[in-house]
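Peer 1:
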Amino acid sequence: MNILVLNGSPRKNGNVVKALKAEVEKIQNKYKSSQIIWKNISDLNFDFCKGCMTCRSKMNCILPADDAHKLAKEIKACDILLTGTPVYWGNINGQLKALFDRLVYVLMKESKRGIPLPLHKGKKAVIVTSCTTPFPFNYLCRQSTGAVRAVKEILKSSGFKIIKTKNISNTKTQ
Numbered sequence: 093m094n095i096l097v098l099n100g101s102p103r104k105n106g107n108v109v110k111a112l113k114a115e116v117e118k119i120q121n122k123y124k125s126s127q128i129i130w131k132n133i134s135d136l137n138f139d140f141c142k143g144c145m146t147c148r149s150k151m152n153c154i155l156p157a158d159d160a161h162k163l164a165k166e167i168k169a170c171d172i173l174l175t176g177t178p179v180y181w182g183n184i185n186g187q188l189k190a191l192f193d194r195l196v197y198v199l200m201k202e203s204k205r206g207i208p209l210p211l212h213k214g215k216k217a218v219i220v221t222s223c224t225t226p227f228p229f230n231y232l233c234r235q236s237t238g239a240v241r242a243v244k245e246i247l248k249s250s251g252f253k254i255i256k257t258k259n260i261s262n263t264k265t266q
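Below is the structure:
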């Protein structure tokens, strides 16, 4: 079982990391022979998507080789994808969004009519968010739910089955 962890938090010992590690441990207990690849998005060096759309037809990004190209191979090879992000203004943080923008060609392709076609059917995903807004306001004000919705839309469109979402609220005091 190949497990890929995308830590979208710039804090390497923060709440998102703690929650991701707890989820990895649960998966490891279930799948004894698992390989884990951990990626801190803040450590990756990659250019922003230029919106040229060439990747849609070539199924490869034409930008110069960088860490996004390497991560594309790891996403293709993973069986389970864990994605964690802090909540910024009711959404995922900018680094994670920029990375997903760059990796659209590895997540989905399009039919001739422009309909998205998932490339990861049968794979599983876990989503973790961390939000300073206390419960229940993190839901009522759509803080945590906004971030989860954004990641879910990307991963479900890519064919991943979301097996768990974990929202940590009131993290200002933690």
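For the sequence shown, our numbering begins at 93 and goes up steadily by one.
Using N, Cα and C, we set each Cβ at its ideal position, and we do this for glycine too.
1) Pick helix, strand or coil for Ala157, following the three-state DSSP scheme.
2) Helix, strand or coil, according to DSSP, for Ser249 in the structure here?
3) Using a beta-carbon distance below 8 angstroms, is Val240 in contact with chain D?
4) For Ala169, does the count of other Cβ atoms within 10 angstroms reach 16, so buried, or fall short, so exposed?
5) To which residues does DSSP link Glu202 through a beta bridge?
6) What residue from Val196, His212, Phe252, Ser222 has the CA that sits closest to His161's CA?
7) Report the rounded CA-to-CA distance for Val116 versus Lys253, giving the unit in angstroms.
8) With DSSP run on the structure shown, which of helix, strand or coil describes Ser126?
9) Short check: CB of Asn132 to CB of Asp159, under 8 angstroms?
10) Would the beta-carbon of Ser101 fall within 8 angstroms of that of Pro210?
11) Going by DSSP, what residue range makes up the beta strand (DSSP E) through Ser222?
12) Leaving aside the five residues before and after Ser249 along the sequence, list all residues of the same chain whose C-beta is less than 7 angstroms from its C-beta, in chain order.
13) Look at the alpha carbon of Val97 and the alpha carbon of Ile167, and state the distance between them as a whole number of angstroms.
Peer 2: Taking the geometry as given:
1) Coil, per DSSP.
2) Here Ser249 sits in helix by DSSP.
3) Here there is only one protein chain, and chain D is not present.
4) Exposed is the call here.
5) Looking at the DSSP assignment, Glu202 forms a beta bridge with Pro208.
6) Ranking Val196, His212, Phe252, Ser222 by Cα distance to His161 puts Val196 first.
7) Roughly 17 angstroms between the two C-alpha positions.
8) Here Ser126 sits in coil by DSSP.
9) Their beta carbons are not under 8 angstroms apart, which means Asn132 does not touch Asp159 by this criterion.
10) Not a contact, by the Cβ cut-off of 8 angstroms.
11) Residues 216-222.
12) Excluding residues within five positions, the ones whose Cβ falls inside 7 angstroms are Met200, Pro208, Pro210.
13) In a straight line, the C-alpha of Val97 is about 10 angstroms away from that of Ile167.
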